[in-house]
Amino acid sequence: TSLKWDLIGGTVTGGNINASVSHFSEYAVITVLKELGLGYANLNPNPFSPTLGGLRINYSVNSDKAGSVKTTIKIYNMTGKTVATIIDGALRKSGGDYTEIWDGRDVRGKMAKNGRYIVQIEIEDTGGKKQFLYPVVMVK
18 TSLKWDLIGG TVTGGNINAS VSHFSEYAVI TVLKELGLGY ANLNPNPFSP
68 TLGGLRINYS VNSDKAGSVK TTIKIYNMTG KTVATIIDGA LRKSGGDYTE
118 IWDGRDVRGK MAKNGRYIVQ IEIEDTGGKK QFLYPVVMVK
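As structure tokens, this is what we get:
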């Protein structure tokens, strides 16, 4: 017998593979892995108010070296001082969709001041580390 390759298409969402097949058989899944990076990052609303639900940080991570990516999200003020750490070294599956919330509180649990902040998303796999910076504005 010989092997026969059929392209059946499909999608990859959050680490799950979805495809339609018309008969029972053995299947191999071949996919192209993306290098370390963010699939997307959306911070909204921006400007945001902690009294109206805070800042939603929606993102997806990619890695061609690992199934999971070590992820850290920190908030900095405009002088570079750490205001809050949202997650620190949390493992996130490559291709997964995630949401974190900043409620406007600082590292001491007190409400931060109105103003501009920088959200840093740092991701790391066995091949290295990357940082992404996003400006946001908080108004109470």
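Per our numbering, the sequence shown starts with residue 18, numbered consecutively.
Backbone N, C-alpha and C define an ideal beta-carbon position, used for all residues, glycine too.
Leaving aside the five residues that flank residue 108 on each side, the residues in its chain whose CB is nearer than 8 Å to its CB run, in chain order, 85, 86, 87 and 88. Closest in alpha carbon position to residue 132, among 152, 70 and 61, is 152. Annotation for residue 109: the continuous beta strand (DSSP E) segment containing it runs 99 to 110. Look at residue 96 here: in three-state DSSP terms it is coil, with no helix or strand label. Per the DSSP secondary-structure output, residue 72 pairs in a beta bridge with 119. Less than 8 Å separates the beta-carbon of residue 53 from that of residue 80. Distance from the CA atom of residue 51 to the CA atom of residue 101, rounded to whole angstroms, is 30 Å.
Each of 71, 98, 35 and 150 was checked against the Cα of residue 117, and the nearest Cα belongs to 71. Its Cα nearest to that of residue 123, the residue 92 stands out among 136, 92 and 104. The beta-bridge partner set that DSSP reports for residue 53 is empty.
Here residue 62 carries a coil assignment [DSSP, helix/strand/coil]. Per DSSP, residue 155 is one residue of the beta strand (DSSP E) stretching across 145 to 155.
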